[in-house]
Amino acid sequence: MEDTVYVLGFDYDSTITEEDTVERIVRAALRDNREKAKGTVGGGGSAYTPEEGEAKLGRIVEKYFAEQREFMSSAPMTSVQDFCEAQRVFDRRMNHDFVATGLLKGLEERTLRSHGRHVPLRVGARSLLSDLLARSAGPKPGAAAVEAHVVSLCWSRAFLTESLHLPPHLREALPVHCNELEWRDGVCEGGEIVRSVQDPVDKAELMASLVRRAKERDPGRLCKTVFVGDSVGDLLAMVRSDVGILMGSSPGKVIGAVCRGCGVKVVDVEPGQSLSCLSGLREAEPGGLVFRVGSWAELRAIFEEEGLVERHPRNPATVLCISGSDSGGGAGNQADLKTCSSYGVFGMSAITALTAQNTRGVSSISGVDAGFVGEQIDAVVGDIGADAVKTGMLATEEIVEVVASKVRAHALRNVVVDPVLVATSGDALARGGVVSAFLRELFPLATVVTPNIPEAEALLGLKAGSIQTTEDAARAARELHKFGPRWVLVKGGHLTSTSVCADVLFDGDDVHVLETDLVETSNTHGTGCTLGSAIACGLAGGMGVLESVRAAKGYVTGVITSSRDMGLGRGGAQGPMHHQPLVRTAAGPHLLSPSALRFYAVTDSGMNERNGRGLAEAVLAAVRGGATIVQLREKRASTADLIEQARVVVGVCRPLGIPVIVNDRVDVAIAADADGVHVGDDDMPLEDARRIIGPLKILGASVKNRDQALQAQREGADYVGAGACYTTSTKSDSVLVGLEAVREIKEAVSIPVVAIGGINEKNAAEVLALTGADGVAVVSAVFGGPDVEESSRRMREVLSKVY
Numbered sequence: 057m058e059d060t061v062y063v064l065g066f067d068y069d070s071t072i073t074e075e076d077t078v079e080r081i082v083r084a085a086l087r088d089n090r091e092k093a094k095g096t097v098g099g100g101g102s103a104y105t106p107e108e109g110e111a112k113l114g115r116i117v118e119k120y121f122a123e124q125r126e127f128m129s130s131a132p133m134t135s136v137q138d139f140c141e142a143q144r145v146f147d148r149r150m151n152h153d154f155v156a157t158g159l160l161k162g163l164e165e166r167t168l169r170s171h172g173r174h175v176p177l178r179v180g181a182r183s184l185l186s187d188l189l190a191r192s193a194g195p196k197p198g199a200a201a202v203e204a205h206v207v208s209l210c211w212s213r214a215f216l217t218e219s220l221h222l223p224p225h226l227r228e229a230l231p232v233h234c235n236e237l238e239w240r241d242g243v244c245e246g247g248e249i250v251r252s253v254q255d256p257v258d259k260a261e262l263m264a265s266l267v268r269r270a271k272e273r274d275p276g277r278l279c280k281t282v283f284v285g286d287s288v289g290d291l292l293a294m295v296r297s298d299v300g301i302l303m304g305s306s307p308g309k310v311i312g313a314v315c316r317g318c319g320v321k322v323v324d325v326e327p328g329q330s331l332s333c334l335s336g337l338r339e340a341e342p343g344g345l346v347f348r349v350g351s352w353a354e355l356r357a358i359f360e361e362e363g364l365v366e367r368h369p370r371n372p373a374t375v376l377c378i379s380g381s382d383s384g385g386g387a388g389n390q391a392d393l394k395t396c397s398s399y400g401v402f403g404m405s406a407i408t409a410l411t412a413q414n415t416r417g418v419s420s421i422s423g424v425d426a427g428f429v430g431e432q433i434d435a436v437v438g439d440i441g442a443d444a445v446k447t448g449m450l451a452t453e454e455i456v457e458v459v460a461s462k463v464r465a466h467a468l469r470n471v472v473v474d475p476v477l478v479a480t481s482g483d484a485l486a487r488g489g490v491v492s493a494f495l496r497e498l499f500p501l502a503t504v505v506t507p508n509i510p511e512a513e514a515l516l517g518l519k520a521g522s523i524q525t526t527e528d529a530a531r532a533a534r535e536l537h538k539f540g541p542r543w544v545l546v547k548g549g550h551l552t553s554t555s556v557c558a559d560v561l562f563d564g565d566d567v568h569v570l571e572t573d574l575v576e577t578s579n580t581h582g583t584g585c586t587l588g589s590a591i592a593c594g595l596a597g598g599m600g601v602l603e604s605v606r607a608a609k610g611y612v613t614g615v616i617t618s619s620r621d622m623g624l625g626r627g628g629a630q631g632p633m634h635h636q637p638l639v640r641t642a643a644g645p646h647l648l649s650p651s652a653l654r655f656y657a658v659t660d661s662g663m664n665e666r667n668g669r670g671l672a673e674a675v676l677a678a679v680r681g682g683a684t685i686v687q688l689r690e691k692r693a694s695t696a697d698l699i700e701q702a703r704v705v706v707g708v709c710r711p712l713g714i715p716v717i718v719n720d721r722v723d724v725a726i727a728a729d730a731d732g733v734h735v736g737d738d739d740m741p742l743e744d745a746r747r748i749i750g751p752l753k754i755l756g757a758s759v760k761n762r763d764q765a766l767q768a769q770r771e772g773a774d775y776v777g778a779g780a781c782y783t784t785s786t787k788s789d790s791v792l793v794g795l796e797a798v799r800e801i802k803e804a805v806s807i808p809v810v811a812i813g814g815i816n817e818k819n820a821a822e823v824l825a826l827t828g829a830d831g832v833a834v835v836s837a838v839f840g841g842p843d844v845e846e847s848s849r850r851m852r853e854v855l856s857k858v859y
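Numbering (our numbering) for the sequence shown: 57 to 859.
Okay, structure coming up:
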């Protein structure tokens, strides 16, 4: 292998990212034109009105899908080459037609870069790319050489590179081959694109040129090529490579149809297979062979088997806490670091101020030079790095500006901005000019900002007491969102309520009202600091913003609950909290996303025994067939046997990136290091289960009606299983509630809903269509027959037609 050079190509949209990013680029242009029309930004007048822009976008999207359907109905399927030549004509025509709309006119590069920073990446993509780039930039003597490239149809290299959040030395080591907008003084005045990679043939030819260059540099070395993509735009590059890898738990409708029509086989990668193994299989299949992986964790395992990335224990996630010191230990940087420890995150500090304070208030503040704050950030990020950043007390305008400049310089991601202006005790913690600096400098860089009610009023210049209701908080969140953060969380602790604490989270489109039970206690010093740090820990571990905020709220509620009777201090108005240790760390790769719940397979030992197969065999077959999450449900086994079974299932699923849930037994889930637990309404209370497993393990709950679902959401459930939809023989005590009840549950809650009870391949589509559920749970439809993998494939095909 030391005489080999690996040329690796990675598609970007929906391969590295969770979504196609074209609309994000267009939305950036729409925003700039909207702001120019209002006169809030410079750069000349707008190219079109907001109404004209939305109308143009709607027409071109409608045209694209109509012409794509027409193209697919007549596209040649004689070979991949013939299809991709036809696709080339289609793609180039659509690029021309899109540019002709003028939608990209007036887009500013700084706006585009800002939108790029908010692109969600697939879990594990950045870490694997970083490891491959480190190998490429610093090759080891006698080891194989690695060249990693991004080859994309993306319209902007600036946007793409910003979204990856790579440190400067790795960003420089990553060759990005894509298109770029025509900039003039930082503005895309004409809305034109410099087109260099427009279609599948361009991608394949570019990969071929990279291989030629590699061979010219090292003529004595064997050259192996790998291309990782997700769509027909990547298919020619994949089939021409030694190993073509299709990213996704199931192929999309278009690429699936093309592969079938052109005779290209798509097979799942099996555990333990290396690139060399896959290359050998590819050589034996002259008609074309593409390998499918369900996640970047599974992709990483292939590179590990080949020896291209190191096998080593996963480092903990890292969070840089930029905040002031609280001598009383209840808030500030002390609360930040305690929260990081609770989450299993490696917390680091950049101290912005020193305070003398206790439970009775702040008696003195000693400032820290803004330049020294910057030096602390440089020292930490330049060596250890940071998976997330949380800012707290930034006492001066100069410190805010320095922090913002360092966030930009180091391309820091997952930035949580807690705009601390006043301590819980009411003492001022910031000087004049800080409010405008927050809005001007830090908000445009933030992933999420977390003001409380008084801070939101101060930031918006509102009179104190203006925000009284959740509707007021939602309006404030919308106004704050205009300053550039991706998400705004207005904390509702100051709202008048006797039973719940309601926070309002806004993502630019939807408002989420997140409620937790109100805990009566005076020990609430540092709640805002703790919440912001907990959100940062979740983001650092790979959770999305909504999931991180929901988990953080549950964590803070648990901390307040366990601290409510503490008596530290001498009668101060604001007592501290005691941050409880947790079992789960934020380094774990299996954090819940709604797509993971799409195909929820529940094991049944009796069915496996009747069909003469073991647990590991059955679970592996279900996952190969398309299951996206597996629940171990076993009522008859002893605790010791159940722990062993859970470890077996985890051993099968974890290398493939599939979460494992244990039914009912919190102790077994923890002992086996499963990814979560599912509890019924007669099992352990959800609040107790959450307190034991911590905020980052997955907690599911069975519910039968809207009220139960809302209560489960308040108590910390990550998802609910709703039903039974139909009568079922696998659970004797199930209650039939019907599809209408499941639909009402889905409409009532913001967490994912899995439909349960009597679901099979014949009725699954109906269930999803009539309920809007995020997924379906199945038992006998998968494990009841002799061929689990084939049953799973059929179910996956049904689900893929709906999603």
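Virtual Cβ for every residue (Gly too), placed ideally from N, Cα, C. Only a predicted model underlies this, so the values are computations on that prediction, with no experimental measurement involved.
Range of the contiguous alpha helix (DSSP H) that encloses residue i
i           : result
residue 778 : Premise fails: residue 778 lies in the beta strand (DSSP E), 775-778, not in any alpha helix (DSSP H).
residue 455 : 453-465
residue 226 : 224-229
residue 139 : 136-156
residue 438 : 426-439
residue 127 : 106-130
residue 314 : 309-318
residue 695 : 695-709
residue 71  : Here residue 71 belongs to no alpha helix (DSSP H), and DSSP marks it neither H nor E.
Buried/exposed call for residue i, threshold 16 Cβ in 10 Å
i           : result
residue 316 : exposed
residue 499 : buried
residue 84  : buried
residue 71  : buried
residue 75  : exposed
residue 291 : buried
residue 145 : exposed
residue 541 : buried
residue 524 : exposed
residue 235 : buried
Beta-carbon separation (whole angstroms), residue i vs residue j, contact threshold 8 Å
i           : j           : result
residue 609 : residue 570 : 6 Å
residue 693 : residue 838 : Wrong, their Cβ atoms sit about 20 Å apart, outside the cutoff.
residue 358 : residue 398 : Between residue 398 and residue 358 the Cβ distance is about 35 Å, and since that is not below 8 Å, they are no contact.
residue 893 : residue 61  : Nothing about residue 893 can be reported from this structure: the residues present for the chain run from 57 to 859 only.
residue 418 : residue 450 : Not quite, the Cβ-Cβ distance comes to about 16 Å (not below 8 Å), so this is no contact.
residue 654 : residue 855 : 6 Å
residue 532 : residue 512 : 5 Å
residue 59  : residue 278 : 6 Å
residue 247 : residue 160 : 4 Å
residue 171 : residue 206 : With 8 Å as the limit, residue 171 and residue 206 do not qualify as a contact, their Cβ atoms being about 18 Å apart.
residue 254 : residue 148 : 5 Å
Beta bridge counterpart(s) of residue i as assigned by DSSP
i           : result
residue 811 : 778, 832
residue 374 : 402
residue 734 : 719, 756
residue 347 : 301, 323
residue 685 : 656
residue 407 : 379
residue 846 : Residue 846 pairs with nothing; no bridge assigned.
residue 857 : Residue 857 is not bridged to any residue.
residue 413 : 418
residue 233 : 207
Residue i, enclosing beta strand (DSSP E) - first and last residue
i           : result
residue 655 : 655-658
residue 60  : 60-66
residue 420 : 417-423
residue 473 : 471-473
Closer than 7 Å: residue i CB and nearest the ligand ATP heavy atom
i           : result
residue 320 : Inclusion of the ligand ATP in the displayed structure is not the case, the ligand content being empty and no account of it being possible.
### Entirely enclosed beta strand (DSSP E) segments - the segment 238-287, minimum 3 residues
278-285
### Task
Would you list, in sequence order, the uninterrupted alpha helix (DSSP H) runs of no fewer than 4 residues that lie entirely inside the segment 502-582?
509-516, 526-537
### Entirely enclosed alpha helix (DSSP H) segments - the segment 159-213, minimum 4 residues
165-172, 181-193
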